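Student: Numbering (mature numbering (1 follows the signal peptide of the UniProt record, and there is no 0)), first residue to last: -18 to -1, 1 to 693.
One structure, pasted below without further comment.
As structure tokens, then:
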């Protein structure tokens, strides 16, 4: 027979089950709901727990999930100190020589108290009056994970208030007859619930089973009733850092308390218990200078902050700008019993531009030959900032002594040196010495309280060495216009070259360096250029009417120096080329209906007006009848037309073409005409050579016959 008893107090809602049965080992009350106070005070009695192993409680020991509480030998749950935050639940594990059990204390707000009570008692309407009497009582079962053998182990009991002959308990659900199968079982007669193996809360935290009562035939006579089994977390998972590598940056000179980075670890244990309550600590710092405690980590948040003064956080004075911290995360709120996990945090001290670049000396020397370009000296600087950063890279500027822009300076990206170069050749005769003032700065601006000083400027003294320079032609290039075909020995022009080395008083002699057509010569003393051959504008050596030759001027230095002058002769055209005719061969069918044989074109190497319009004419035709004629089409083309169809043979048509020059020039030439047999769009000219007839041969034959008759 089962009785329901309800006890209310400001802090404890107690549900107790009393039964006229023999002793059941374990907590006599397994679940408690207490109202959350503003604060648990030190030595405050929270509630009384009753544990009985039915054999005298020999070697009884209690463990509480929250280290701020303890259970005394008489079962009193007491706070060890003032505690304001506890969480949603406390778990008390009791173990004696013969039994062990778990009690669960839920901490609820005032507005949750009535709801919690109704949830347990399934009440509605007037509080304290049961809605319906149940035949099966299945109270929630709490089982610690990681229990040690032996198994099976009894963990709870299901009670039926009404006995029926031959009735049996039956348990079902996930963990019984559903995967993972066989974890729980129930004694069909007594209702004892047992676990058959070790449980892992991180795999499955809760099991929702059903209990029912059946008769001998297996027919359900009561139930099913829900049986909740919760796996109580044990601290069996170490904290783990999963998000590495952990790298943080902090600017040198940062104020004390500057946040560098955050370290976060993960604990697979129950987040509502101290098993997953993590605290962080720095185990080791490398290097340990200038202070062994450069950084601090917030034990709860994992934020790493600087704890040294900005003066000590000076990158340039540190042994290394990289620090490695071994960070420990410990559960159980950091207590000694907690499990730990570690990770390495790398912290880089970033550079800021707090050191200006400085020249290694105030004055640099350089020597350069006149007329030479390129790098003449490398200027060296020192900068204590981080290499290969904008705070270290140098930018050089010439601020004085370079009016002609003869010098440039650039930064060597590998060495950071300033490479001073001559970009316009220097002239010893104009200036033998140059003085440059150069400043150096960083790519990045300096921080506000730092400025560039005198050491950021330097002087460069440059000495120009005299060299024997080659003579210079004036002007260069030289140009002259001449008519082609001028007589051999004609003077083209007289060149003029001077020696830049005015202080050496040297003599100059001239020679031909490059004369592609071999038309010219030069007087070695006075530089007069004359012709040795006829100048031909139509020569392949002439480009765009211009003939180019090169001449040398050589001084008397030791060794002698040479200057090169270029002469461009523009040639005026003379009518010295007869026109040419194209094409010189034409073909026609012996039965052609279109007797327009070919269109002739004329061309002339000369220039206008010594070219077109051209005049086309046929030489006098012999014989009783004329065979062809020529018609002018335009200034450069004419058309040859047959006056009748001819027999298959080769014919030579005498044609003259005359240009428009003054005086005009005429070209007498012949057009070869092949008269061929044409069948089915194919032209056969193979036999024309054998039947070759030309007007010239006919005339010769007639003359021969006439001479013989006269003889």
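Glycine included, every Cβ here is placed at the ideal spot set by N, Cα and C.
Computed from a predicted model, the values in this text were never measured in an experiment.
Answer yes or no: do residue 295 and residue 327 have a C-beta to C-beta separation smaller than 8 Å?
Tutor: No, Cβ-Cβ distance for residue 295 and residue 327 is not below 8 Å.
Student: Can you look up residue 183 in the DSSP assignment and give me helix, strand or coil?
Tutor: If DSSP states are grouped into helix, strand and coil, residue 183 belongs with coil.
Student: Report the three-state DSSP secondary structure of residue 298 (helix, strand or coil).
Tutor: Correct three-state label for residue 298: helix.
Student: Counting only the same chain and skipping the five closest in sequence on each side, list residues whose C-beta sits under 8 Å from that of residue 435.
Tutor: Closer than 8 Å at the Cβ level, and outside the excluded window around residue 435, lie 338, 340.
Student: Are the beta-carbon atoms belonging to residue 133 and residue 178 less than 8 Å from one another?
Tutor: Result yes, Cβ atoms of residue 133 and residue 178 sit closer than 8 Å.
Student: So for residue 247, helix, strand or coil by DSSP?
Tutor: Looking at residue 247 - three-state DSSP - the assignment turns out to be coil, as it is neither helix nor strand.
Student: Is residue 38 helix, strand or coil when you go by DSSP?
Tutor: Coil.
Student: Hey, could you find the ends of the beta strand (DSSP E) residue 54 is sitting in?
Tutor: It is not in any beta strand (DSSP E) - residue 54 carries neither H nor E in the DSSP assignment.
Student: Taking Cβ positions, are residue 624 and residue 609 nearer each other than 8 Å?
Tutor: In this structure, residue 609 lies closer than 8 Å to residue 624 by Cβ.
Student: For the beta strand (DSSP E) containing residue 154, list its first residue and its last residue.
Tutor: Where residue 154 is concerned, the enclosing beta strand (DSSP E) stretches over 150 to 155.
Student: Contact between the stretch 351 to 358 and the stretch 377 to 387 is defined here as three or more beta-carbon pairs at a separation below 8 Å; is this criterion met?
Tutor: Judged by Cβ distances under 8 Å, the stretch 351 to 358 makes no contact with the stretch 377 to 387, as fewer than three pairs qualify.
Student: Considering only C-alpha positions, which residue in the set 56, 600, 27 is nearest to residue 19?
Tutor: Checked all of 56, 600, 27; the closest Cα to residue 19 is 27.
Student: CB residue 398 to CB residue 366, shorter than 8 Å?
Tutor: Contact flag unset, no.
Student: Note down, in chain order, each residue of its chain lying with its Cβ closer than 7 Å to the Cβ of residue 497, except the 5 sequence neighbours on either side.
Tutor: Closer than 7 Å at Cβ, skipping near neighbours: 531.
Student: On the DSSP bridge assignment, give the partners of residue 600 in chain order.
Tutor: Answer by DSSP bridge pairing, in chain order: 637.
Student: Alpha carbon to alpha carbon, what distance is there between residue 373 and residue 424?
Tutor: Computed Cα separation, rounded: 6 Å.
Student: Compute the distance between the beta-carbons of residue 511 and residue 502, then report whether it is under 8 Å.
Tutor: In contact: residue 511 and residue 502 (Cβ atoms closer than 8 Å).
Student: Pick out the complete beta strand (DSSP E) segments inside the stretch 319 to 385, 3 residues or longer, and give them in chain order.
Tutor: List check, beta strand (DSSP E) in window: 322 to 332, 345 to 351, 356 to 361, 376 to 382.
Student: From residue 7 to residue 218, what does the alpha carbon distance come to, in whole angstroms?
Tutor: If you take the alpha carbons of residue 7 and residue 218, they lie about 27 Å apart.
Student: Within the continuous beta strand (DSSP E) that includes residue 529, where are the two ends?
Tutor: Where residue 529 is concerned, the enclosing beta strand (DSSP E) stretches over 528 to 537.
Student: Among 242, 261, 258, 71, which one has its Cα closest to the Cα of residue 212?
Tutor: Minimum Cα distance to residue 212 is reached at 71.
Student: Expressed to the nearest angstrom, what Euclidean distance is found between the alpha-carbon atoms of residue 711 and residue 220?
Tutor: No answer is possible for residue 711: the residues shown for the chain start at -18 and end at 693.
Student: Does the distance from the CB of residue 539 to the CB of residue 450 come in under 8 Å?
Tutor: Their beta carbons are under 8 Å apart, which means residue 539 touches residue 450 by this criterion.
Student: The beta strand (DSSP E) with residue 523 in it runs from where to where?
Tutor: Here residue 523 belongs to no beta strand (DSSP E), and DSSP marks it neither H nor E.
Student: Per the DSSP calculation, residue 214 is bridged to which residue(s)?
Tutor: DSSP, once it has assigned bridges, lists 126 as partnering residue 214.
Student: Work out the CA separation of residue 602 and residue 657 for me, nearest whole Å.
Tutor: Cα-Cα distance, rounded: 21 Å.
Student: Report the option in 310, 241, 235 whose CA atom is closest to the CA atom of residue 297.
Tutor: Closest option to residue 297, Cα to Cα, is 235.
Student: Which class does residue 285 belong to by DSSP, given the choice of helix, strand or coil?
Tutor: Residue state, collapsed to three classes: strand.
Student: What is the DSSP secondary structure of residue 314, counted as helix, strand or coil?
Tutor: Helix at residue 314.
Student: So, is residue 266 buried or exposed, given that buried needs 16 or more other C-beta atoms within 10 angstroms?
Tutor: Exposed is the call here.
Student: Do residue 35 and residue 85 come within 8 Å of each other at the CB atom, strictly closer than that value?
Tutor: Not in contact: residue 85 and residue 35 (Cβ atoms no closer than 8 Å).
Student: In or out: residue 555 buried (at least 16 other Cβ within 10 Å) or exposed?
Tutor: Label assigned to residue 555: buried.
Student: Report the residue from 455, 214, 403 whose alpha carbon sits nearest the alpha carbon of residue 251.
Tutor: Of the candidates 455, 214, 403, the one whose C-alpha sits nearest the C-alpha of residue 251 is 214.
Student: My output table needs one value for residue 257: the three-state DSSP class, helix, strand or coil.
Tutor: Helix, per DSSP.
Student: What is the DSSP secondary structure of residue 645, reduced to helix, strand or coil?
Tutor: In this structure, residue 645 counts as coil in the three-state DSSP scheme.
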